[in-house]
Amino acid sequence: MAMEGIGGASEVEREGNDSEIQLLRDRFRLSAISIAEAEAKRNGMNASETVVACIADLAFKYTEQLAKDVELFAQHANRKSVNMEDVILSAHRNEHLSTLLRTFSNDLKIKEPQLEERERRLNWLETVSLITVHVGLPSLSLFISFSVQEK
Numbered sequence: 278m279a280m281e282g283i284g285g286a287s288e289v290e291r292e293g294n295d296s297e298i299q300l301l302r303d304r305f306r307l308s309a310i311s312i313a314e315a316e317a318k319r320n321g322m323n324a325s326e327t328v329v330a331c332i333a334d335l336a337f338k339y340t341e342q343l344a345k346d347v348e349l350f351a352q353h354a355n356r357k358s359v360n361m362e363d364v365i366l367s368a369h370r371n372e373h374l375s376t377l378l379r380t381f382s383n384d385l386k387i388k389e390p391q392l393e394e395r396e397r398r399l400n401w402l403e404t405v406s407l408i409t410v411h412v413g414l415p416s417l418s419l420f421i422s423f424s425v426q427e428k
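302 is the number that this note's numbering gives to position 25 of the sequence shown; each next residue is one higher, with no gaps.
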């Protein structure tokens with residue numbers, strides 16, 4: 278029989294959750310180390326393993342706190358999921374970051390209708406392909422180009 282832990286979670290659930298968090302922490306650390314080494318190499322410097330590990334741990338702890346903050350913003354708005362506004366609100370103390378996030382959000386909103394159009398075209402292309410195969414017409418080649426600007 279599983280014992281109930283804090284918040285009603287059983288020991289098995291907490292152990293599973295702990296292993297997931299450890300896996301995320303390890304992956305986060307590997308990514309941070311990779312980024313630090315690449316930046317150090319790009320700038321002709323050496324990065325101390327100890328310093329990089331500390332930065333990775335600090336960044337992970339910051340990310341955990343950020344996740345809690347955006348979750349609370351969503352709960353305050355009576356929502357069960359986090360949206361872009363919650364993320365932007367979490368950056369309210371850093372004006373530059375907040376501005377960058379708003380710009381990024383606006384860019385995504387502009388690109389969103391283009392994605393819907395692309396999906397419609399792809400669905401149409403799938404339908405044409407199915408009709409072509411069914412009727413036995415010679416192969417039909419359609420080329421649709423999409424340009425995506427990346428900054």
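Where a beta carbon is used, it is the ideal one built from N, C-alpha and C, also for glycine. Please read these numbers as outputs of a predicted model, since none were measured by experiment.
Secondary structure of residue i, DSSP reduced to three states
| i | result |
| --- | --- |
| Met322 | coil |
| Arg370 | coil |
| Val359 | coil |
| Ala354 | coil |
Distance between residue j and residue i (C-alpha atoms, nearest Å)
| i | j | result |
| --- | --- | --- |
| Thr376 | Lys388 | 18 Å |
| Ala354 | Ser296 | 31 Å |
| Gly293 | Leu300 | 11 Å |
| Val264 | Thr380 | The structure shown does not extend to residue 264, since the chain spans only 278 to 428, so no value can be given for it. |
| Leu335 | Met361 | 24 Å |
| Ala368 | Leu374 | 6 Å |
| Ala317 | Leu378 | 26 Å |
| Phe350 | Pro390 | 27 Å |
| Val364 | Ala309 | 21 Å |
Inset, instruction - Give a yes or no on contact between the stretch 303–312 and the stretch 336–349, applying the rule of three or more CB pairs nearer than 8 Å. - result: yes
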